[in-house]
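In terms of the working numbering, the sequence shown opens at residue 69 and continues consecutively.
Note that beta-carbon positions come from the ideal geometry of N, C-alpha and C, so glycine has one too.
It should be emphasised that the depicted structure is a prediction, and the values quoted were computed from it without experimental measurement.
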Amino acid sequence: MGEKLSAVRAAESGLINRAVPEKDFEAEVMRWATRLVSFTPVTVRLGKTVFYHCMDMEYLKAIKFMGDVMAINVCSEDGSEGIGAFFEKRIPKWKGC
69 MGEKLSAVRA AESGLINRAV PEKDFEAEVM RWATRLVSFT PVTVRLGKTV FYHCMDMEYL
129 KAIKFMGDVM AINVCSEDGS EGIGAFFEKR IPKWKGC
């Protein structure tokens, strides 16, 4: 409708992930960035692929596509490393493949 929304209202509406006070912005960005770089590059890359490919797919086709990509992810070297690290209760050592 062309109305301006406050950050809090945008967050409540699901238009943004989160609204934080300006004084906390830098710390929140660093928290998200630190978490993001802890993920395997393969999983991040595949996640982006799924996101962009599934946007216009029919629901059941999208679910199948996501399952296929998940299988690729789990079978990757980093997928095996992540599963092993989880069960061994250690931090994974990503190779990016």
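Original post:
Is the segment 97-106 touching the segment 131-150, taking contact as three or more C-beta pairs under 8 Å?
Top reply: no
Subject >> Delimiting residues of the alpha helix (DSSP H) encompassing T111 >> reply: 109-122
Original post:
So what does DSSP say about S148, is it helix, strand or coil?
Top reply: helix
Subject >> Straight-line Cα distance separating E80 from D92 >> reply: 19 Å
Original post:
By Cβ distance, which residues of its chain are closer than 6 Å to R77, with the 5 residues on each side in sequence left out?
Top reply: none
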